[in-house]
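I have placed the structure first, in the form of C-alpha coordinates, so that the comments after it can refer back to it.
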Amino acid sequence: VSVGSGSILITGSLELYLPSVTLFDKYLNQDPSSMAIGVTDGVGNGYIIEIPQLRITDGSRPAGGLNTDVVGTFSWQAYMDPSETISIRITRFPVL
5 VSVGSGSILI TGSLELYLPS VTLFDKYLNQ DPSSMAIGVT DGVGNGYIIE
55 IPQLRITDGS RPAGGLNTDV VGTFSWQAYM DPSETISIRI TRFPVL
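Next up, the structure:
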(Lines of atoms letter the chains of each structure in order from A; the text may use other names.)
(Lines give C-alpha, C1' and ligand atoms only; values in the text may rest on other atoms or scores of the structure.)
Protein backbone atom coordinates (compact mmCIF):
# COMPACT_ATOMS: atom_id res chain seq x y z
CA VAL A 5 0.00 0.00 0.00
CA SER A 6 1.35 3.39 -0.94
CA VAL A 7 0.53 6.52 1.03
CA GLY A 8 1.07 9.91 -0.56
CA SER A 9 2.44 12.92 1.23
CA GLY A 10 0.30 15.87 2.18
CA SER A 11 -1.00 17.81 5.11
CA ILE A 12 -3.42 16.77 7.82
CA LEU A 13 -5.30 18.66 10.50
CA ILE A 14 -5.97 16.55 13.58
CA THR A 15 -8.25 18.02 16.24
CA GLY A 16 -10.47 16.66 18.94
CA SER A 17 -12.21 17.27 22.19
CA LEU A 18 -12.49 15.35 25.41
CA GLU A 19 -14.17 15.50 28.75
CA LEU A 20 -12.34 14.03 31.69
CA TYR A 21 -12.06 13.83 35.43
CA LEU A 22 -9.41 16.21 36.78
CA PRO A 23 -7.62 14.74 39.79
CA SER A 24 -5.28 17.77 39.80
CA VAL A 25 -4.80 21.11 38.04
CA THR A 26 -1.89 19.82 35.89
CA LEU A 27 -3.83 19.47 32.62
CA PHE A 28 -5.62 22.78 33.06
CA ASP A 29 -2.26 24.46 33.76
CA LYS A 30 -0.90 23.00 30.49
CA TYR A 31 -3.80 24.69 28.70
CA LEU A 32 -3.22 28.03 30.44
CA ASN A 33 0.55 27.90 29.78
CA GLN A 34 0.17 26.51 26.22
CA ASP A 35 2.55 23.69 27.13
CA PRO A 36 2.78 20.75 24.71
CA SER A 37 1.36 17.42 25.79
CA SER A 38 0.71 13.98 24.31
CA MET A 39 -2.10 11.45 24.34
CA ALA A 40 -2.63 7.73 23.75
CA ILE A 41 -6.04 6.05 23.56
CA GLY A 42 -6.81 2.35 23.34
CA VAL A 43 -9.95 1.15 21.55
CA THR A 44 -11.35 -2.08 20.12
CA ASP A 45 -13.51 -2.69 17.07
CA GLY A 46 -16.58 -4.88 16.77
CA VAL A 47 -14.63 -8.09 16.17
CA GLY A 48 -12.07 -7.59 18.92
CA ASN A 49 -9.10 -6.03 17.11
CA GLY A 50 -7.29 -3.56 19.34
CA TYR A 51 -5.94 -0.17 18.32
CA ILE A 52 -3.67 2.30 20.06
CA ILE A 53 -4.04 5.84 18.74
CA GLU A 54 -1.11 8.03 19.76
CA ILE A 55 -0.78 11.78 19.39
CA PRO A 56 2.87 12.45 20.30
CA GLN A 57 2.49 16.24 20.39
CA LEU A 58 -0.63 18.29 20.96
CA ARG A 59 -1.67 21.58 22.46
CA ILE A 60 -4.89 22.21 24.29
CA THR A 61 -6.66 24.98 22.38
CA ASP A 62 -9.65 25.53 24.65
CA GLY A 63 -10.67 24.38 28.07
CA SER A 64 -13.18 24.86 30.82
CA ARG A 65 -13.20 23.74 34.40
CA PRO A 66 -16.61 24.46 35.87
CA ALA A 67 -16.78 25.36 39.52
CA GLY A 68 -18.09 22.42 41.47
CA GLY A 69 -19.60 22.15 44.85
CA LEU A 70 -17.82 21.33 48.07
CA ASN A 71 -16.24 17.84 47.98
CA THR A 72 -17.37 17.11 44.42
CA ASP A 73 -15.38 15.73 41.49
CA VAL A 74 -14.14 18.22 38.90
CA VAL A 75 -14.69 17.37 35.23
CA GLY A 76 -12.98 19.47 32.55
CA THR A 77 -13.83 19.88 28.88
CA PHE A 78 -10.93 20.45 26.48
CA SER A 79 -10.33 20.91 22.75
CA TRP A 80 -6.94 20.07 21.28
CA GLN A 81 -4.92 20.15 18.07
CA ALA A 82 -2.10 17.81 17.08
CA TYR A 83 1.23 19.07 15.75
CA MET A 84 4.12 17.28 14.09
CA ASP A 85 6.43 15.87 16.71
CA PRO A 86 9.91 17.17 15.85
CA SER A 87 11.75 14.03 16.97
CA GLU A 88 9.43 11.50 15.28
CA THR A 89 8.24 13.71 12.37
CA ILE A 90 4.68 12.38 12.76
CA SER A 91 1.41 13.85 14.03
CA ILE A 92 -0.42 10.58 14.71
CA ARG A 93 0.37 6.89 15.03
CA ILE A 94 -2.23 4.13 14.87
CA THR A 95 -1.10 0.64 15.86
CA ARG A 96 -3.38 -2.35 15.25
CA PHE A 97 -3.34 -5.49 17.38
CA PRO A 98 -5.32 -8.21 15.57
CA VAL A 99 -7.65 -10.46 17.49
CA LEU A 100 -6.13 -13.88 18.10
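Heads up: the sequence shown runs through residues 5 to 100, numbered per the working numbering. Think of the CB as a built atom: it goes at the ideal place given N, C-alpha and C, for glycine as much as any other residue.
Under the DSSP definition of a beta bridge, which residues are partnered with residue i?
i          : result
residue 78 : 18, 63
residue 88 : According to DSSP, which records beta bridges pairwise, residue 88 is partnered with nothing at all.
residue 50 : 44, 97
residue 37 : 58
Using the Cα positions of residue i and residue j, report the straight-line distance between them to the nearest angstrom.
i          : j           : result
residue 55 : residue 92  : 5 Å
residue 16 : residue 81  : 7 Å
residue 38 : residue 53  : 11 Å
residue 66 : residue 94  : 33 Å
residue 98 : residue 42  : 13 Å
residue 13 : residue 30  : 21 Å
residue 90 : residue 63  : 25 Å
residue 70 : residue 50  : 39 Å
residue 32 : residue 88  : 26 Å
residue 47 : residue 100 : 10 Å
residue 24 : residue 72  : 13 Å
Buried or exposed for residue i, please, with buried defined as at least 16 other CB atoms from any protein chain shown within 10 angstroms of its CB.
i          : result
residue 78 : buried
residue 58 : buried
residue 60 : buried
Can you tell me which of the three DSSP states residue i falls into?
i          : result
residue 44 : strand
residue 58 : strand
residue 13 : coil
Cα-Cα, which of the options is closest to residue i?
i          : options       : result
residue 96 : 44, 18, 59    : 44
residue 27 : 75, 51, 98    : 75
residue 85 : 8, 31, 24, 36 : 36
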